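Novice: Sending over a structure as structure tokens; questions will come in a sec.
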Amino acid sequence: MFKINLHKTRLKRFMNSRAAANCRYQPTCYEHAANCYTHAFLIVPAFVGTALLYRLSDDRWERLTAWVYGMGLCTLFLVSTVFHIVSWKKSHMRAVEHCFHMCDRMVIYFFIAASYTPWLNLRELGPLASHMRWFIWFMAAAGTIYVFNYHEKYKVVELIFYLTMGFFPALVVTSMNNTEGLHELAWGGLIYCLGVIFFKSDGIIPFAHAIWHIFVALAAAVHYYAIWKYLYRSPVTELIRDV
Ligand SMILES: [Zn+2]
94 MFKINLHKTR
104 LKRFMNSRAA
114 ANCRYQPTCY
124 EHAANCYTHA
134 FLIVPAFVGT
144 ALLYRLSDDR
154 WERLTAWVYG
164 MGLCTLFLVS
174 TVFHIVSWKK
184 SHMRAVEHCF
194 HMCDRMVIYF
204 FIAASYTPWL
214 NLRELGPLAS
224 HMRWFIWFMA
234 AAGTIYVFNY
244 HEKYKVVELI
254 FYLTMGFFPA
264 LVVTSMNNTE
274 GLHELAWGGL
284 IYCLGVIFFK
294 SDGIIPFAHA
304 IWHIFVALAA
314 AVHYYAIWKY
324 LYRSPVTELI
334 RDV
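Okay, structure coming up:
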């Protein structure tokens with residue numbers, strides 16, 4: 094019993110108690126720092142990765158796609174880092190913090206749309222499936238309007254929206270004739286889903302949100318690898334390397 098209590102006291106330094114319904118969890122200083130660093134370290138790699146895809150592009154369509162995807166990637170880590178810094182250091186500025194928190198949530202919808210864009214733009218799609226190219230941006234806009242109006246009000250609805258947006262375009266992508274890269278896409282999706290467990294575990298698992306950030310980074314890296322390998326790395330480069 095004494096041991097359990099000692100363990101709990103130790104954990105308390107790293108984790109606060111769970112938030113009440115419709116309230117936000119208040120991270121400890123350690124958790125705030127971890128939340129900032131876990132995404133801040135990825136800002137530069139995201140820009141480098143964008144530049145690499147841009148350089149590998151063979152035409153304007155590929156360049157535009159690299160730019161859209163890259164901006165989604167960079168914006169996600171940038172906005173997330175800024176929000177967590179504001180939430181840590183400027184939490185007394187409630188309106189500013191609230192605004193950044195909304196941006197942090199909105200950017201996830203655009204990030205999902207941007208992550209699908211290379212597959213939808215650079216692979217052969219059927220006439221019906223090709224509508225998904227613009228429909229994902231429509232969903233991202235709808236998600237943004239939802240956050241604007243009902244931010245933090247119905248957390249379960251918000252989670253369902255994220256999962257729907259994450260999986261619905263996959264129906265189209267998996268129906269493509271060319272199935273190269275689908276394994277990596279599925280692995281990335283699975284990592285995101287496992288991460289959601291931590292996204293929902295603030296106040297239950299210490300550093301839950303920072304762990305969620307790591308899952309996001311891992312899944313994004315797997316998806317980036319697949320996009321680089323199957324959609325951008327030119328066959329000529331492959332030939333030279335194989336020789
Ligand atoms: Zn975060």
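For the sequence shown, this note's numbering gives the first residue as 94, with consecutive numbering after it.
All residues carry an ideal CB built from backbone N, CA and C; glycine is no exception.
Small disclaimer: the values here were computed from a predicted structure and weren't measured.
Quick check on HIS316: does DSSP put it in helix, strand or coil?
Specialist: It is helical.
Novice: Give the single residue among PRO138, VAL189, PHE260 and GLY165 whose Cα lies nearest to the Cα of PHE204.
Specialist: Taking only the C-alpha atoms, the option nearest PHE204 is GLY165.
Novice: Round the Cβ separation of PHE107 and PRO262 to the nearest angstrom and send it over; I've been treating them as touching at under 8 Å.
Specialist: Rounded, the Cβ-Cβ distance is 37 Å, inconsistent with contact.
Novice: Could I get the ranges of all uninterrupted alpha helix (DSSP H) runs contained in the segment 255-322, with 4 residues as the minimum, in chain order?
Specialist: Complete alpha helix (DSSP H) runs here, min 4: 275-292 and 301-320.
Novice: Can you list, in chain order, the stretches of the beta strand (DSSP E) that have 3 or more residues and sit fully within the segment 175-208?
Specialist: Listed in chain order, nothing qualifies, since the segment 175-208 has no complete beta strand (DSSP E) run of 3 or more residues.
Novice: Is the segment 283-293 touching the segment 302-312, taking contact as three or more C-beta pairs under 8 Å?
Specialist: Flag = yes, the segment 283-293 and the segment 302-312 touch.
Novice: Taking its Cβ as the centre, do 16 or more other Cβ atoms sit within 10 Å of GLY142, making it buried, or is it exposed?
Specialist: Answer is buried; the Cβ neighbour count reaches 16.
Novice: Could you give the distance in angstroms between the alpha-carbon of GLY296 and the alpha-carbon of PRO211?
Specialist: Cα to Cα, GLY296 sits roughly 37 Å from PRO211.
Novice: Report the option in TRP154, ASP151, VAL172 and TRP181 whose CA atom is closest to the CA atom of PRO120.
Specialist: Closest by alpha carbon: TRP181.
Novice: Return the residue from the list THR257, ALA279, CYS196 and ILE229 that minimises the CA-CA distance to ASN242.
Specialist: The candidate whose alpha carbon is nearest that of ASN242 is CYS196.
Novice: Going by CA-CA distance only, name the one from MET258, HIS194 and SER208 that's closest to VAL161.
Specialist: If we check each option's Cα against that of VAL161, SER208 comes out closest.
Novice: Take the Cβ of ARG148 as the centre, count every other Cβ of all protein chains shown within 10 Å, and call the residue buried at 16 or more, exposed below.
Specialist: The residue is exposed, with fewer than 16 neighbouring Cβ atoms inside 10 Å.
Novice: According to DSSP, is TYR247 helix, strand or coil?
Specialist: In the structure shown, TYR247 sits in coil (DSSP, three-state: anything other than H, G, I, E or B).
Novice: Measuring alpha carbon to alpha carbon, tell me which of TRP280, ILE304 and LEU324 ends up nearest ALA312.
Specialist: With distances taken between Cα atoms, ALA312 lies closest to TRP280.
Novice: By how many angstroms is the C-alpha of ALA188 removed from the C-alpha of LYS322?
Specialist: Cα to Cα, LYS322 sits roughly 43 Å from ALA188.
Novice: Does DSSP put THR121 in a helix, a strand or coil?
Specialist: THR121 falls in the coil class under three-state DSSP.
Novice: If you measure from the CB of ASP197, is any heavy atom of ligand 1 nearer than 7 Å?
Specialist: True, at least one ligand heavy atom lies under 7 Å from that Cβ.
Novice: Okay, do the segment 168-177 and the segment 130-140 touch, 3+ Cβ pairs below 8 Å being the bar?
Specialist: At 8 Å Cβ cutoff, the stretches touch.
Novice: Could you have a look at PHE140 and say whether DSSP puts it in helix, strand or coil?
Specialist: DSSP places PHE140 in helix when its eight states are reduced to three.
Novice: Which residues in the same chain have their Cβ closer than 8 Å to the Cβ of HIS125, if we skip the five residues on either side of it in sequence?
Specialist: Here the set comprises HIS177, SER180 and TRP181.
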